[in-house]
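Under the numbering used here, residues 83 to 727 are what the sequence shown spells out, in order. Using N, Cα and C, we set each Cβ at its ideal position, and we do this for glycine too. Note that this is a predicted model, so its numbers are computed, not measured.
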Amino acid sequence: MSQSNNQLDIFQIVPTNYPNTLLLGTKSYEINFQATNLSQTAEKFVIEFSSEGFDIEVPTEYQGIFKMEPNQTKNLSITISPTINGQAKLVIDVMCERNVTHTKKVWKIRNEIPTQIIDEAKSQTHYIYIPFQSPLEEPVPTEYDEASANISLEEARAQFDSLNQLLESSQESESVPEKELVDLSSDEIDQKLAKIARNVFNSDKEFAMDVLDKISKIELKQELLNKLILPLASTHLDIALKKLELLDDESYKQATLYKIINSIVASNSDMALHLCDNLSNIDQKDEILGKIISNLANSETKRAIDLLSSINDVSKKQHLLHRLIYRYAESHLDESVELLEEITNSETYLNLFYTLIVDKMGQAPENCKNYIERFNKKAKEFNEIDLLKNGLVILAALDAPKTVIDYISKLPEDLRNEINETLYNKLWVEVEETITKLENVPVISVYYTFNTAANPTKPIEMVHDLGGNISENLLASDFSSFIGVICPFTFNFPIFPPIEQAYSQIKMEKKKSFYYMIVPTDFKTEEEFLFIQTLLNMWFVSNEDQLKSNVYIFNLDFIPYLAKPTIIMESVPEDNLVIKSIVKRVFNDSVSFIIDQGLFKGGMVKDILQKILPPHKFKVINLVMTYDFLNNYVLFKNFMNEFIK
Numbered sequence: 083m084s085q086s087n088n089q090l091d092i093f094q095i096v097p098t099n100y101p102n103t104l105l106l107g108t109k110s111y112e113i114n115f116q117a118t119n120l121s122q123t124a125e126k127f128v129i130e131f132s133s134e135g136f137d138i139e140v141p142t143e144y145q146g147i148f149k150m151e152p153n154q155t156k157n158l159s160i161t162i163s164p165t166i167n168g169q170a171k172l173v174i175d176v177m178c179e180r181n182v183t184h185t186k187k188v189w190k191i192r193n194e195i196p197t198q199i200i201d202e203a204k205s206q207t208h209y210i211y212i213p214f215q216s217p218l219e220e221p222v223p224t225e226y227d228e229a230s231a232n233i234s235l236e237e238a239r240a241q242f243d244s245l246n247q248l249l250e251s252s253q254e255s256e257s258v259p260e261k262e263l264v265d266l267s268s269d270e271i272d273q274k275l276a277k278i279a280r281n282v283f284n285s286d287k288e289f290a291m292d293v294l295d296k297i298s299k300i301e302l303k304q305e306l307l308n309k310l311i312l313p314l315a316s317t318h319l320d321i322a323l324k325k326l327e328l329l330d331d332e333s334y335k336q337a338t339l340y341k342i343i344n345s346i347v348a349s350n351s352d353m354a355l356h357l358c359d360n361l362s363n364i365d366q367k368d369e370i371l372g373k374i375i376s377n378l379a380n381s382e383t384k385r386a387i388d389l390l391s392s393i394n395d396v397s398k399k400q401h402l403l404h405r406l407i408y409r410y411a412e413s414h415l416d417e418s419v420e421l422l423e424e425i426t427n428s429e430t431y432l433n434l435f436y437t438l439i440v441d442k443m444g445q446a447p448e449n450c451k452n453y454i455e456r457f458n459k460k461a462k463e464f465n466e467i468d469l470l471k472n473g474l475v476i477l478a479a480l481d482a483p484k485t486v487i488d489y490i491s492k493l494p495e496d497l498r499n500e501i502n503e504t505l506y507n508k509l510w511v512e513v514e515e516t517i518t519k520l521e522n523v524p525v526i527s528v529y530y531t532f533n534t535a536a537n538p539t540k541p542i543e544m545v546h547d548l549g550g551n552i553s554e555n556l557l558a559s560d561f562s563s564f565i566g567v568i569c570p571f572t573f574n575f576p577i578f579p580p581i582e583q584a585y586s587q588i589k590m591e592k593k594k595s596f597y598y599m600i601v602p603t604d605f606k607t608e609e610e611f612l613f614i615q616t617l618l619n620m621w622f623v624s625n626e627d628q629l630k631s632n633v634y635i636f637n638l639d640f641i642p643y644l645a646k647p648t649i650i651m652e653s654v655p656e657d658n659l660v661i662k663s664i665v666k667r668v669f670n671d672s673v674s675f676i677i678d679q680g681l682f683k684g685g686m687v688k689d690i691l692q693k694i695l696p697p698h699k700f701k702v703i704n705l706v707m708t709y710d711f712l713n714n715y716v717l718f719k720n721f722m723n724e725f726i727k
C-alpha cells in the first residue's frame, strides 16, 4: 500500500516491481523505482529513503543532490530486509533546490533615534533656572524731616551773608557787621548757621552744605551731617560721599555707606561696585556684590561672572555661578561648559550640564556630541545611572545608536545589564526581515507499507513462495476483530493491493480492521491441505482464547464482471438477511446481491475450512464478488467496514 503527499507537482516516483507477497526477514528484496522530472526545466533533487521495520541499503549514487533534465527519467533501486512481524514502512521524501524567502522578526540596531524617544530623554533634566531680576533698591530719604518752612531761600541767603560777614569781620578789623550781630558769640553764630542749613536743605542742598561748612564747632557739624547726608546722597551723591569722609564715627560711616550703596545698586552699578570696596563688613559686601552681579547678569554676563571671585561666601558664589553659566551659555556655550568645572555640587553640575546640552544640541550638534561624551563619563563617575541612561540616548541621537551600544558593551556586567534593561528598545528596533536563500524544499513524500515476518516459520515461507500474503494484524498477533477473509484461489493478476488498501484505510479510521489470508492454492494435494490447516491452526485455532467473540470467515472468490457490481452469497438462512440488509444500506441499488443455493453453496474448500476451524467459534460463509470490488477497492472497503465495530 502507498500514501503520497505532493507539495510541488514536478516529480514522480513509482515502484516498478512492488512485491504483492509477504516479505520475509530471511531474505533481501530489491525494490525498483522509476523517477521522472515533470518540470520543464532542469532540477536538482534530493531523495531520502527511510524506513520503519526494514534494514535498508541505498546506493551512494542516490545520496546527496543529483540533477535531472526536463522530463528525464531515472531508474532507482534499493534493497530492503524486514526486521519486524506485522507491517513495515518504506518512506521516500523528495526535495528540490529553490530560492526560499523567509520573513521573520529580528532585532536590529536603529539607524537613528525617533524624535519621541529623544524628546522623552530631553525632558528628564532636573535643573531649574531661576532668572536674574534687577535688585530692588532701598531708597534713601530725599528730604530732611526737621526743615522749617518759615523762612524763604532769599531770607536765608541774606541771613547767611550777614553771618558770613560777621565771621569775616572777626578776621578783618576794617569790616563792619550789622549792629544786631556784633554781640553774637561763636556758638550762637554756629547755631544760627545750623538753623539756616536745616531750613533751606530741602530747597537748596548745595547752599545748605555751604552754610554747614561755615560751622566752626565740629560736634555740631558732625551731628547735622549725620542727619543730612542720606537725603543729600539722593540728589548730590558726590557731595554726600565727600561729606561722609568728614564723619568721625566709623560705625555710622559704614552703616550710611551701606545704605547709600543699596540705594544705587541697580541704577548705578559701577559706582556701587566702586563704593563696595570701602565696606568693611564682609557679609554686607557679599550681599552688595550679589546684587550687582544679579543686575549685570542679563546685560554683562561675563563681567558678572568675573565679579564672582570677589564674593567670600562660597555657598552664595555657587548659587550665583550655575545661574550665570546657564545665562552665559545662550551666547557662549563652549566657555560656559568649561566654567562648569567650578561647580562643586555634583548633582547641580550634572543637571546643569545635561540641560545645556539638550538646549543647544540642535544649534551645535558637533560640540554637544563631545560634551555628552564628557557628561556620560562624569555621570558614570558620580554613579548617577539614570542621568547616564538619558545621556546615552542623547549621544545616540547626536552620533549613532551603534556608538552607544559599543560603549555599553564595555561596561561592567551589572551596569551593562541595568542600562540595557532600560535602553534596549530605544537603541534596537524589531523589524521584519526578508531573507532569500537556496534551500531544499519538499516536493513529494510517499510511503509504502509491506506485510512482513522477521523470523518466518516454514508455513509462512510457503505463503511467501506461493506469492500469498497475510494481514498485518495476524502477523502482529492482534486478535481484536471478528471478521476475516480467506482467499485460497489462484488468479492471473494480483488481488493483494485492493484488499490491503481496504484493510489499511479501515485500520486508519477505526484503529482495527479485518483479518485476511491470501493463499493461492487449489487444494489439489494432501500437502496443500496440511499447509492450509497449519496456517489456520497457527493463527486462529491456537489463539482461540484470545478471540473476543465468534468470528465470521468469508471464503472469498472473485468472478468476472456482470451487468453491475455483484455480491453472491451462499444460502445461509440465519445470515442471509443480515448481509442483504448491509448491502442494501451501504450500496442501495448500485450493487446486486444474490443468494445462491447451488453452484456457490458448500463445496470442497468450505468443507476443508469447516473441518479445521472449531464451529463453536468460527462460522465459514462462501462469498463471491465480481472484479468490480478489485478494480474499485472502495466498494470492497465499504462492504468490509460494516463488520468492523
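Nearest neighbour of P642 by Cα position, chosen from Y709, I233 and Y530, turns out to be Y709. Counting C-beta atoms within 10 angstroms of its own C-beta, K109 has fewer than 16 neighbours from the protein chains shown and is therefore classed as exposed.
In the DSSP assignment, E305 falls within the alpha helix (DSSP H) that extends over I300 to A315. N714 sits in coil when the DSSP states are folded into three classes, being neither helix nor strand. Remark: C-beta atoms of L158 and A124 do not approach each other more closely than 7 angstroms.
Residue pairing by DSSP places V545 opposite no residue, since no beta bridge is assigned to it. Within the model, the alpha-carbon separation for I342 versus D352 is close to 13 angstroms. The residue among I677, A558 and L617 with its C-alpha nearest the C-alpha of G168 is A558. The DSSP-derived three-state label of M620 is helix.
Counting every other CB atom within 10 Å of its CB across the protein chains shown gives W189 a total below 16, marking it as exposed. Our two residues, G107 and H546, have alpha carbons roughly 11 angstroms apart in a direct line. For N555, the enclosing alpha helix (DSSP H) covers residues E554 to L557. The segment 503-522 and the segment 148-162 do not touch, with fewer than three beta-carbon pairs separated by less than 8 angstroms.
Under the criterion of beta carbons closer than 8 angstroms, L312 and I321 do not qualify as touching, at roughly 12 angstroms.
Counting only residues of its own chain and dropping the five nearest sequence neighbours on each side, V222 has a CB closer than 8 angstroms to the CB of L312, P313, A315, S316, K341, I342 and S345.
For M590, the enclosing alpha helix (DSSP H) covers residues F578 to K592.
T518 and P141 have their C-alpha atoms some 32 angstroms from each other.
In this structure, the straight-line span from the alpha carbon of N472 to that of N193 is close to 18 angstroms. The C-beta distance from I160 to I113 rounds to 6 angstroms, short enough to fall under 8 angstroms. Per the DSSP secondary-structure output, K186 pairs in a beta bridge with E515. A contact between stretches requires three or more CB pairs, one per stretch, nearer than 8 angstroms, and the segment 429-447 meets this requirement with the segment 456-465. When DSSP states are grouped into helix, strand and coil, R192 belongs to the coil group. Scanning the segment 105-165 for uninterrupted beta strand (DSSP E) segments of 3 residues or longer gives 111-119, 125-134, 136-139, 147-150 and 155-164, listed from N- to C-terminal end. Taking C-beta atoms as the reference points, D175 and E130 count as a pair closer than 7 angstroms. In this structure, L306 sits away from L323, with a CB-CB distance that is not shorter than 7 angstroms. With respect to the C-alpha of F289, the residue from S234, I487 and L326 having the closest C-alpha is S234.
Counting every other CB atom within 10 Å of its CB across the protein chains shown gives T572 a total below 16, marking it as exposed. Runs of the alpha helix (DSSP H) lying entirely within the segment 410-485 and spanning at least 4 residues, in chain order: 415-421, 428-442, 447-463 and 467-480. When C-beta atoms of the segment 637-656 are compared with those of the segment 706-721, three or more pairs fall below 8 angstroms, so the two segments count as touching. Shown here, V173 sits in a strand according to DSSP, grouped into three states. For Y598, the uninterrupted beta strand (DSSP E) segment begins and ends at Y597 to I600. Here the alpha carbon of I162 sits roughly 6 angstroms from the alpha carbon of D137.
Collapsing the DSSP output to three states places Y489 in a helix. Here the C-alpha atom of Y489 lies approximately 23 angstroms from the C-alpha atom of Q198. If you check the CB distance, P541 and L617 come in under 7 angstroms.
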